[in-house]
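Asks: Numbering (our numbering), first residue to last: 381 to 691. Beta carbons: idealized from backbone N, C-alpha and C, even for Gly. Here it is, the structure, as structure tokens.
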Amino acid sequence: MKPFALLAGNAMTLGMVVVVIAYAAFIQWAWGWAIIFGLWYHAGLGTIALALSLLVATYVLRTWRIYDYFPQETQGRFATLFRVVQLHNILNIMLPFRSGETSFPLLMRREFGVNLVRGTSALFVMRLFDLHALLAAAAMGWALEEASIWIWVGWIVFLLLPVFGFAGRHIVFGLIHRAAPSKFVRVIDELQAGLPIDTHAFLRAWAATLINWFVKIAVLAWVLMLMGEISLPASFGGALGGELSSVLPVHAPGGVGTYPAGITAGAVGLGAAADAQALSALGQAAVNLHLLVILSSLIGTALALFVPTQK
Numbered sequence: 381m382k383p384f385a386l387l388a389g390n391a392m393t394l395g396m397v398v399v400v401i402a403y404a405a406f407i408q409w410a411w412g413w414a415i416i417f418g419l420w421y422h423a424g425l426g427t428i429a430l431a432l433s434l435l436v437a438t439y440v441l442r443t444w445r446i447y448d449y450f451p452q453e454t455q456g457r458f459a460t461l462f463r464v465v466q467l468h469n470i471l472n473i474m475l476p477f478r479s480g481e482t483s484f485p486l487l488m489r490r491e492f493g494v495n496l497v498r499g500t501s502a503l504f505v506m507r508l509f510d511l512h513a514l515l516a517a518a519a520m521g522w523a524l525e526e527a528s529i530w531i532w533v534g535w536i537v538f539l540l541l542p543v544f545g546f547a548g549r550h551i552v553f554g555l556i557h558r559a560a561p562s563k564f565v566r567v568i569d570e571l572q573a574g575l576p577i578d579t580h581a582f583l584r585a586w587a588a589t590l591i592n593w594f595v596k597i598a599v600l601a602w603v604l605m606l607m608g609e610i611s612l613p614a615s616f617g618g619a620l621g622g623e624l625s626s627v628l629p630v631h632a633p634g635g636v637g638t639y640p641a642g643i644t645a646g647a648v649g650l651g652a653a654a655d656a657q658a659l660s661a662l663g664q665a666a667v668n669l670h671l672l673v674i675l676s677s678l679i680g681t682a683l684a685l686f687v688p689t690q691k
């Protein structure tokens, strides 16, 4: 029985090892590591190393956001939570149709005893935060280029929308309670429980989300601008397009094809040249940027394997 108990007790670690090996093999099959490193060598290894470091740092910040979201359940077990977050992240990348999202509440229940409804509702709230911050970060590139006072006013109003929403949450949920059938009351209560517990918790979660996405979008836009030789708004549009493509229901396994296509569409939509030669260069830059995102996820997952955990 001891071997089975050992396997059960280290199921997440073993699962992550399998995921890392499978994903590394997938990258070799799809592109080849030699080709990847050869392409990045021309972009500057220092630039790529800095970009990877910043992207991996965003995974730590994401983990802290969840750690702060579930303080009682996760107290003293940040490393275990980091493994959960990394496994959830890479499963999201690998599995189509966003089916990897289902792993988060399941892993939170298994590792920290968080019930499925609460874990799912918290994930839903955090995804709303993520989508808002992603759009705000991408729109900042456009606002910087246009330098219009009215664009900046509109951007600031959009940036503060979560504040207005959280301030009016009791009114909104009160209306929902009165309109919803009685059998949905418990689900509504659990969804409300998925919100931050108070204003201070909301501000911490909101700030962590903004920092996370502003750093990630800025890094992706910077690298895309260097590789694709496009303007600032176009590079921010490309970063936004790639990230938005990952939440589509037709998101391909590993984002192969869909992520670079999203980058190209977003960049062209915000001013990148659309002639054959420019599109060819942009397409190559989009593929390279996608590989950068994949490698950062792989590095983060591999690092999670070596972080000592505490039961």
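(1) Given a cut-off of 8 Å, decide if residue 587 and residue 604 are closer than it, judged by their beta-carbon atoms.
(2) How far does the alpha helix (DSSP H) with residue 455 in it reach, from first residue to last?
(3) Name the residue from 613, 610, 421 and 599 whose alpha carbon lies nearest to the alpha carbon of residue 433.
(4) In its own chain, which residues sit with a C-beta less than 7 Å from the C-beta of residue 465, not counting the 5 before and 5 after it?
(5) Let me confirm a value: residue 677 is counted as buried when at least 16 other C-beta atoms fall within 10 Å, else exposed. Which label applies?
(6) In chain order, which continuous runs of the alpha helix (DSSP H) of length 4 or greater are located wholly inside the stretch 625 to 682?
(7) Helix, strand or coil for residue 510, going by three-state DSSP, please let me know.
(8) Could you name the residues of the same chain whose beta carbon sits closer than 6 Å to that of residue 625, not counting the 5 residues immediately before and after it, in chain order?
(9) Closest to residue 469 by CA distance: which of 482, 567, 525 and 491 is it?
(10) Using the Cβ count rule (16 or more neighbours within 10 Å means buried), how would you classify residue 516?
(11) Between the stretch 532 to 548 and the stretch 604 to 613, are three or more C-beta pairs nearer than 8 Å?
(12) Grab me the residues of residue 485's own chain with a C-beta within less than 7 Å of its C-beta, minus the 5 sequence neighbours each way, in chain order.
(13) By a C-beta neighbour count over all protein chains shown, 10 Å radius and 16 as the cutoff for buried, is residue 508 buried or exposed?
Replies: The relevant details are as follows:
(1) In the sequence shown, counting from the first residue as 1, residue 604 sits at position 224. In the sequence shown, counting from the first residue as 1, residue 587 sits at position 207. Not a contact, by the Cβ cut-off of 8 Å.
(2) Counted from its first residue, the sequence shown places residue 455 at position 75. Per DSSP, residue 455 belongs to no alpha helix (DSSP H) and is neither H nor E.
(3) Taking the sequence shown and counting its residues from 1, the one referred to as residue 433 is at position 53. Comparing Cα-Cα distances from residue 433 to each of 613, 610, 421 and 599, the minimum goes to 599.
(4) Locating residue 465 in the sequence shown gives position 85, where the first residue counts as 1. Within the same chain, residue 465 has close Cβ partners 439, 442, 443 and 446.
(5) The residue you call residue 677 lines up with position 297 of the sequence shown. Result: buried.
(6) 638 to 649
(7) As a first step, residue 510 must be located in the sequence shown, where it is residue number 130. The answer is helix: DSSP assigns residue 510 an H, G or I state.
(8) Start at 1 with the first residue of the sequence shown, and residue 625 comes out as number 245. Excluding positions up to five away in sequence, the list reads 638, 639 and 642.
(9) For the purposes of this step, residue 469 is taken as residue 89 along the sequence shown, with counting starting at 1. Among 482, 567, 525 and 491, the Cα nearest to that of residue 469 belongs to 482.
(10) Here residue 516 refers to the residue found at position 136 when the sequence shown is read from its first residue. Result: buried.
(11) no
(12) For the purposes of this step, residue 485 is identified with residue 105 of the sequence shown, where counting begins at 1. So the list reads 496, 499, 500 and 503, once near-sequence residues are dropped.
(13) Mapped onto the sequence shown, residue 508 falls at position 128. By the 10 Å Cβ count, residue 508 comes out exposed.
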